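Counted the way full-length UniProt numbering counts, the sequence shown spans residues 1 to 198. Reviewing the structure listed below.
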Amino acid sequence: MRRGRSRREERRAQLVRLLEEDPFLTDDELARRFGVSVQTIRLDRHALGIPEMRARVSRVAQGEVASLRSLVEEDLFGVLEELRLEERGRSHLAVERVHTFRHADIARGHILFAQANSLAVALVDAPLAVTVSASVRFLRPARVGDRLVAQAEVVLRDGPRRRVRVVTEALRPEGVRETVFSGEFVVQEISHARGDRS
């Protein structure tokens, strides 16, 4: 009895640490990591007062979305996890059937591009910014069930232009992590929006 209790306490302590590092881990991913059932993870979360992933995502996203300047939330493709204007950002996107080709479970390229591009634009601390060029590589296919995590970093600032590097990893349902996309985007801030002549 004592041994089972200490294992549970140790697992719960590790669960808290893991979710502090990555609040976007699903119960399925956590169950695989700990080698327990999804129900056990749910019981642990409940006992620790940790909400389900959707609620955790919502809390984090609300704080980060408030920092957006160059985009409105509806223009962002994916869920914003982190945003440090003019520095770096991170978003995630769960690949669903609607993102894939009709005859295959492979995500269409424009889905990966849209996530990366909107994150690159979001990093610019200006009321409006647009992508003026991009050099991208699709490294591996993303599939239904993958969670795409895009990380972006401003690597160069030259007046109104920023060079932003984005790398997207797919977190596979089986727990494997693979890089599926990389790109460099040149994003330019625009001095005023259409109709705004000030």
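C-beta: ideal position from N, C-alpha, C; glycine also. Just so you know, these numbers come straight off a predicted model, no measurement behind them.
Each residue's CA atom was taken as its position, placing Q39 and E10 some 17 Å apart. Per the coordinates, the alpha-carbon of S135 lies some 14 Å from the alpha-carbon of T168. Under DSSP, Q188 takes part in a beta bridge, and its partners are V130 and R161. Judged by DSSP in its simplified three-state form, L25 adopts coil rather than helix or strand.
The residue from R172, E153, V132 and E82 with its alpha-carbon nearest to that of T26 is R172.
Here S37 carries a coil assignment [DSSP, helix/strand/coil].
Rounded to the nearest angstrom, the gap between the Cα atoms of E189 and A122 is 11 Å.
Beyond the five residues adjoining it in sequence on each side, E87 comes within less than 8 Å, by CB distance, of L123, E153 and V154 in the same chain, given in chain order. Runs of the alpha helix (DSSP H) lying entirely within the region 66-100 and spanning at least 4 residues: none are present.
In this structure L71 is buried. Its beta-carbon is surrounded by 16 or more other beta-carbon atoms within 10 angstroms.
Between V144 and T100, the C-beta gap is smaller than 8 Å, which places the two residues in contact. Taking the Cα of P160 as reference, the smallest distance to any Cα among D146, V79, V187 and L139 is reached at V187.
A distance below 8 Å separates the beta carbons of L119 and V166. Between the beta-carbon of R102 and that of L48 there is about 42 Å, and that puts the pair past the 8 Å contact cut. In this model, R137 and V95 are separated by some 19 Å (Cα to Cα).
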